[in-house]
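In what follows, a structure is listed as structure tokens, so that the remarks can point back to it.
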Amino acid sequence: MSATLPIALLSFDRPDYLEAVLQTVLRQVGHGGRRPAYFLFQDGAIGRGSGEAYTDPAATDACVRVFRSYIP
Numbered sequence: 002m003s004a005t006l007p008i009a010l011l012s013f014d015r016p017d018y019l020e021a022v023l024q025t026v027l028r029q030v031g032h033g034g035r036r037p038a039y040f041l042f043q044d045g046a047i048g049r050g051s052g053e054a055y056t057d058p059a060a061t062d063a064c065v066r067v068f069r070s071y072i073p
């Protein structure tokens, strides 16, 4: 068994929603003796084929700041 438990969090451009999710996730306990490792994925901010931005980069940057404020 691995000593860590990977936990993936998906975000797009809603830092307020991400903050609420982080508050809930971090209150959860009982990882089967494993240490949680959290990972943030900024899903779909730029179209793979078109290169078009689907959101304001400032919003995705805000999501990263929120994540790092909870998970340094």
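Everything in the sequence shown is counted per the working numbering, starting at 2 for the first residue and increasing by one.
No residue lacks a Cβ here, since even glycine has one placed at the ideal position from N, Cα and C.
Since the model is a prediction, treat every value here as computed from it, not as a measurement.
Helix, strand or coil for Arg69? Go by DSSP, reduced to three states. DSSP places Arg69 in helix when its eight states are reduced to three.
Whole beta strand (DSSP E) elements within the segment 7–54, 3-residue minimum: As far as the segment 7–54 is concerned, its whole beta strand (DSSP E) runs of at least 3 residues are 36–43.
Given 8 angstroms as the limit, is there contact between the segment 63–70 and the segment 18–35, that is, 3 or more CB pairs closer than that? With a cut-off of 8 angstroms, the segment 18–35 and the segment 63–70 count as touching, because enough Cβ pairs lie within range.
In this structure, how does DSSP classify Thr61 when only helix, strand and coil are distinguished? Reduced to three states, the DSSP call for Thr61 is helix.
Around the Cβ of Arg16, are there at least 16 other Cβ atoms within 10 angstroms (buried) or fewer (exposed)? A quick correction: the sequence has Pro, not Arg, at residue 16. Answer is buried; the Cβ neighbour count reaches 16.
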